Amino acid sequence: MTGTAMRHDRDGAAPAQRFVISFAGFNRPWAVWIAHRLEEHGHRVVLQRWDPQGSPGGLTEALDDLARAGGRILVVLSERYFSAGTHTDEEWNTALRTVTASHPDRFAAVCLTDAPLPSAVAALEKTDLWGLDAYEAEYRVLRRLELPTDRIGTESGRRGPRFPNDPPEIWGRVPRRNPRFTGRNDVIGRLRDALTESPPGASTVTLLGLSGVGKTQVATEYAYRFASEYDVVWWVPAEDRPTLRERLADLAPALGLPRGAGSYGEQIRAVLEALRRGSPYHRWLMVFDGCDNPDDLTDLLPSGAGDVIITSRNREWAARHTSLVEVPLYARPESVTFIRRRARRLTGDEADQLAEALEDYPLALDQTAGWLADSPLGVGEYLTLLQHRLDSHEAVTLSDDYPLPFPTALAILLNNVRENFPDALALLRLFVFFAPGRVPLRLLREFPADGVPEHLAGILNDQIRWNAALNKLVQFSVVRLEYSDLSVEEGGGLETVQLHRMVHNIVRENLAEDESDQLSRAVRQVLAAADPGRPTDSRLWPRYAELIPHLDHAGVLTSSNPRIQNFLLHCLRYLILAGEYRTCLRLSEQTDAVWRAMLGDDHDQVRELSYHHGGALRMLGHFRQAETLARSVADRLLAERGDRDLETLRATSTYAGVLLSTAKFDEARELLEHAFATYRELLGEDDATTLNAQNNVAVALRLLGRYQEAYDTDLDTLRRRERVLRVRHIATLSSGIGCAMGLRLMGRYREALARQEQGLKLHVQVLGANHPQTLRAEHNLGQCLRRTGDIPGAGSRLRSVLERSTRVFGAEFPWTLMVASDYATYLREYGDIEEARRISEEVVRGYQSQLGLAHPYSIGTVGNLALVLRAQGERTEALNLAEQALVGMRGALGDRHPWTLGCALNATGHRNITGRLDAALDLSRDTLRAAEQVLGPDHPMALSAQIALAADLRAVREDAEASKHEDAGLKALTRTLGPQHVHTVSARQQTRPYWDFEPQP
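The opening position of the sequence shown corresponds to residue 19 in this note's numbering, with each subsequent residue numbered one higher.
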């Protein structure tokens, strides 16, 4: 095609023109780059994705519609442009000849392939771009459009897309692009819109759909289509948390971050922070593939200027601050197009028949069309066979879990494997005794060949047969392999086999019982052999996490083998320590009934299981169940073995821990002090068990308000744990929190802050930012910041901990309620009073539901709510709640507990402000006297009581005595906290002090 020469301005720039770029979705990066380059030369560009299926008039009408848009049309040619529908080459030739004749000089083309194209493409006078660098490609585009070429590479300062032949700076383990990817342009469009329209820092979209519907394929295609708009594209398998964490940590060196000293927590924290800051890369895409459990991922989701895509079957993501984009079954035209690409020998009508039978289900289409591609069987015969199987006994796959025809079609596929590839079938049968999804090849390689059927043993012992069998399963799309990014020399290579859940279920259901028993027994042995053996060592937690998904499927929960049972108990211990309480509770409950029936209630293994079961119940707020369980074990052992037996001491200590949760503090302290003294006598004062008992005594003392004794005990425990265990051991870190909390509760705020700042750094490095114990450390740091006067820092910390705890554990989680209570008191004083009231009321309801009305936490948070109401002017209701809290706390803990004294301090203020001046004064005198005796005259609460007494004296015109107390209180506050501390300044301004109740862990 030739065109008339155009007049150019004197500076060589062509007058602005309008171009329409027509492209297949597959080639979007090229279309976007060409558009950007034309815009940099001053032209207007419209992108038009090519979709002839949407035009009822066929190809000619679709091309005519392009011409009607105005301007010149630049067509980006590739095989995908011509395979967007089901049209033949002859149909294309007719359409191209007709349209180019009707619209001369309007169409031009660039070509991205050297594959044969319809002959009429010659009318477009295409220029080839494939394999060129950016300069040469831009030159050829401009020459083809008869535009000046003297300003190639010019930039206006607006950052544009990357040249398509240049990959992103970081491209991490993105699956190979599917050359048969079909349709889904509407889904990809919705995905793109959802990402681009999200507010800054919140560009997270979940692709939601059934298994096998193509969520991963859509995410993969999006990554390739939009790769030129990102500097980093990183793919994270997210079906289980250990692999997810490992893959996130792997991004650290790619971003130029240090790998750290083997700590996943430190690496992940650094990666998330780098992504949030956009340093060194601002434009990034993270894909978390296959995350069906939002709790595994929500605390690891990156924020910042980049984009996040999650693929999942779980609609719970809708409540996790992500946009949902549904991935539906194929539309019928997409099914037909896909089938004909997969099985080229099929006609359009045959493809439609197959799509109808398989209900347009992508995974079923892929597997069955792939089988038909290599089979002489006609579609009609295949459909007859399909119908026959639906009517046969093998229609056991008619489950609501997935579409009706697919399992039957899959059974045909598996029959082909069974009849023609016995090695592949044997290997597949082995796979199904692991959990569906990702199975580490490391575990499969460690299989005991003497514990499996003879035929399978031959495969396990023969590397060639193993590889051939595995490759055959891959060929038939039965399994998928995932490889490491590292070279073989660097330790990379094949990592996991992934088996679809539907395949897994069908294969397993059709196994004979004797073969199932033999294979499951072998898998259990492999899992037990992989037990790291030390669940208390946080460095080994990733290895435990890798094993957890397979416990149930391998029959570990029902095994009678003591070795397997011990392995399960190690896993449960890991789950408790790692904060995976719900998983621990689920597995414990499943195992408990089986073991009791198998072993009896008094068996050692059943008792050991009860400790983990009870621990999970307690951590999740099921205190009554935990107390019943713990007491039954303790009473039985006490009666059988006496109170100096080591196992009895363990059981009574466990029971005492539950008593602490239910506010039976004195009874718990007696049991814990007895256990500590006996352990020290029997095991020695530096034994780890003795130190655990000593730590428990400190917790009880702190809850009883004996802060100095608790701190001294915590400090001694900390020093011994640092020497006996290690500084970075989880128990040592916990003692550090206890010491910092003790310092804060004694009013030694600066010391507490210094200790907790260092402690939090260690927690994040060792356990990660969202481990429950790390959240404890960060929460205490927020409280330390508040007490030292760093109000903005305190608010930021408390808000962050509350958001993460709510996201990871839920709003009713006991720890979440504690943090919410403290954040509400912060908001009441420094933030949003309405939000403070909302949260305070939720906390009160939560504690009353979990613990009952008479628990100190329920009582204390009612007192906090009273302060909110007083701040809002509801003085009468506030007074009623404050008096209720005082009476309740006296009944629960007595008159001299610090919490009771705090309620009394608040009640004096409520009485004063409602005109009950004499009652306020009497209570103030009693409160000051008791606080000085219990906590010491320089404790912040005693000084607050003194300032409050001065206010009550002033209210009844006892000015001389008021000044005496006020002066003494101010001098003590200045001496202990400093002249500019918020408490000192408030006292100087005669602002009445108050006390915030803090639930304690």
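C-beta atoms are modelled at their ideal positions from N, C-alpha and C, and glycine is treated no differently.
Remember, it's a predicted structure, so these values are computed and weren't measured experimentally.
Just so you know, the alpha carbons of D840 and E860 end up roughly 13 Å apart.
In this structure the stretch 999–1015 touches the stretch 913–925; the number of beta carbon pairs closer than 8 Å is three or more. Per DSSP, reduced to three states, the secondary structure at I52 is helical. With distances taken between CA atoms, L95 lies nearest to A141 out of A141, T116 and A657.
Within the same chain, and ignoring the five residues on either side of P218 in sequence, the residues whose Cβ sits closer than 8 Å to its Cβ are A323. Residue pairing from DSSP places A126 in a beta bridge opposite L92.
Within the model, the alpha-carbon separation for L638 versus T932 is close to 41 Å. Taking C-alpha positions only, L293 is separated from R46 by approximately 26 Å. In the same chain as L709, and ignoring 5 residues on each side of it, the C-beta atoms closer than 6 Å to its own belong to T735, R738 and R739, in chain order.
Taking the Cβ atoms as the reference, G76 lies roughly 20 Å from V38, outside the contact range of under 8 Å. Taken in chain order, the unbroken stretches of alpha helix (DSSP H) that lie wholly in the stretch 328–403 and span 4 residues or more are 350–360, 366–375 and 380–391.
Around G201, the same chain offers E352 as residues with beta carbons nearer than 6 Å, after the five sequence neighbours per side are excluded.
The C-beta of H928 has 16 or more other C-beta atoms within 10 Å across all chains shown, which makes the residue buried.
In the structure shown, S752 falls within a helical segment according to DSSP collapsed to helix, strand and coil.
The way I'd put it, the stretch 59–73 doesn't touch the stretch 253–270; fewer than three beta-carbon pairs between them come closer than 8 Å. Around the Cβ of I594, a 10 Å sphere holds 16 or more other Cβ atoms; the residue is buried. In this structure, DSSP gives V38 an extended state, which the three-state scheme calls strand. For F451, no beta strand (DSSP E) run applies, since DSSP gives it neither H nor E. Nearest Cα to V880 within the set P471, L904, H983 and D317: L904. Of the candidates H797, W302 and R210, the residue whose Cα lies closest to the Cα of S818 is H797. No residue range can be given for D184, since it is assigned to no beta strand (DSSP E) and is classified by DSSP as neither H nor E.
The alpha helix (DSSP H) runs of length 4 or more contained entirely in the stretch 832–875 are, from start to end of the chain, 832–848 and 851–869.
The beta carbons of V251 and L303 sit about 5 Å from each other, so the pair counts as a contact at 8 Å. Under the Cβ criterion (8 Å, minimum of three pairs), the stretch 619–639 counts as touching the stretch 576–588. Here the alpha carbons of E901 and R908 stand approximately 11 Å from one another.
By a beta-carbon distance limit of 8 Å, A960 does not contact Q1008. Their separation comes to about 18 Å. When DSSP states are grouped into helix, strand and coil, E513 belongs to the strand group. When secondary structure is reduced to three states using DSSP, G76 falls in the helix class.
In this structure, A572 sits near F452, with a CB-CB distance shorter than 9 Å. The DSSP assignment places 622–637 as complete runs of the alpha helix (DSSP H) inside the stretch 615–639, in order along the chain (cut-off: 4 residues).
The beta-carbon distance between A842 and A854, rounded to whole angstroms, is 5 Å. This is short enough to meet the 8 Å contact definition.
A34 and H61 have their C-alpha atoms spaced approximately 5 Å apart. For Q66, the beta-bridge partners assigned by DSSP are S40. The stretch 79–87 makes contact with the stretch 113–122, as at least three CB pairs between them are under 8 Å. Boundaries of the alpha helix (DSSP H) around V905: R893 to L911. Under the Cβ criterion (8 Å, minimum of three pairs), the stretch 536–553 does not count as touching the stretch 235–246.
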